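Numbers 355 to 490, taken from the numbering used here, label the letters of the sequence shown in order.
Ideal placement from N, C-alpha and C gives every residue a C-beta, glycine not left out.
Predicted model only: the values in this text are computed from it and were never measured.
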Amino acid sequence: MSSYGISVNLEQAKKVLDGAETEARKQGWNVCIAVVDISGNLVAFLKIDDTQNASVQVSQDKARTAVLYKRPTKFFQDAVAAGGAGIRVMGMRDVCPAEGGIPLIADGKIIGGVGVSGVNSDQDAMVATAGANMLT
């Protein structure tokens with residue numbers, strides 16, 4: 355598991371937003387895209403017109419989960435889906451158990467998180483990945 359590095363800056367966050375927005379528009383998806391720093395605080399945000407209003411907060415929750423727990427939110431989605439002991443995830447603080455949140459990595463360190471909401475969770479993840487890939 356990667357260590358934390360210096361938090362994502364605004365220039366990096368804009369690159370992530372640009373990459374994610376490009377993918378979302380290419381697919382014709384209305385989404386919200388949130389980029390947070392290593393503490394889970396919002397650095398940059400974009401809402402494509404006509405995205406459902408609930409996605410504003412959900413995108414931020416996904417980004418925060420990814421950075422605070424140092425893993426994609428799909429990990430938590432899969433844990434809940436498996437049932438049994440995986441259900442304990444539902445009681446964990448600041449966990450959004452829906453795919454679409456990804457840690458941002460630069461120079462092998464976690465510098466923030468990106469979260470996307472607005473379409474199916476696997477599609478949200480596709481958009482988030484396109485944004486995260488802008489830092490590599």
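Top-ranked residue by Cα proximity to residue i, from the options
i	options	result
residue 379	355, 405, 398 and 395	405
residue 400	393, 391, 440 and 384	384
residue 447	453, 416 and 390	416
residue 421	434, 490, 387 and 459	459
residue 403	441, 426, 440 and 386	386
residue 472	436, 490 and 374	374
Integer-rounded CB distance, given that residue j should sit under 8 Å from residue i
i	j	result
residue 360	residue 465	6 Å
residue 475	residue 431	7 Å
residue 428	residue 453	4 Å
residue 408	residue 371	Not confirmed; about 20 Å, so no contact.
residue 463	residue 393	Incorrect: roughly 14 Å between the Cβ atoms, too far for contact.
Contact under 8 Å by Cβ, residue i with residue j
i	j	result
residue 470	residue 486	no
residue 396	residue 414	yes
residue 351	residue 369	It is not possible to answer for residue 351, since the shown part of the chain is limited to 355 through 490.
residue 449	residue 389	no
residue 365	residue 484	no
Own chain, CB closer than 7 Å to residue i, minus 5 neighbours either side, in chain order
i	result
residue 362	389, 391, 397, 458, 465 and 466
Own chain residues within Cβ distance below 8 Å of residue i, not counting five before or after
i	result
residue 367	389, 397, 398 and 466
Same chain only: Cβ atoms within 6 Å of residue i, ignoring 5 sequence neighbours per side
i	result
residue 444	none
residue 440	433 and 434
Distance cut-off 7 Å: residue i Cβ against heavy atoms of the ligand NAP
i	result
residue 433	The ligand NAP is absent from the structure shown, which contains no ligands of any kind.
Ordered list of beta strand (DSSP E) runs contained in the region 390-478, each at least 3 residues
Every beta strand (DSSP E) of 3 residues or more that sits fully in the region 390-478 is shown, in chain order, as 396-401, 455-460 and 463-471.
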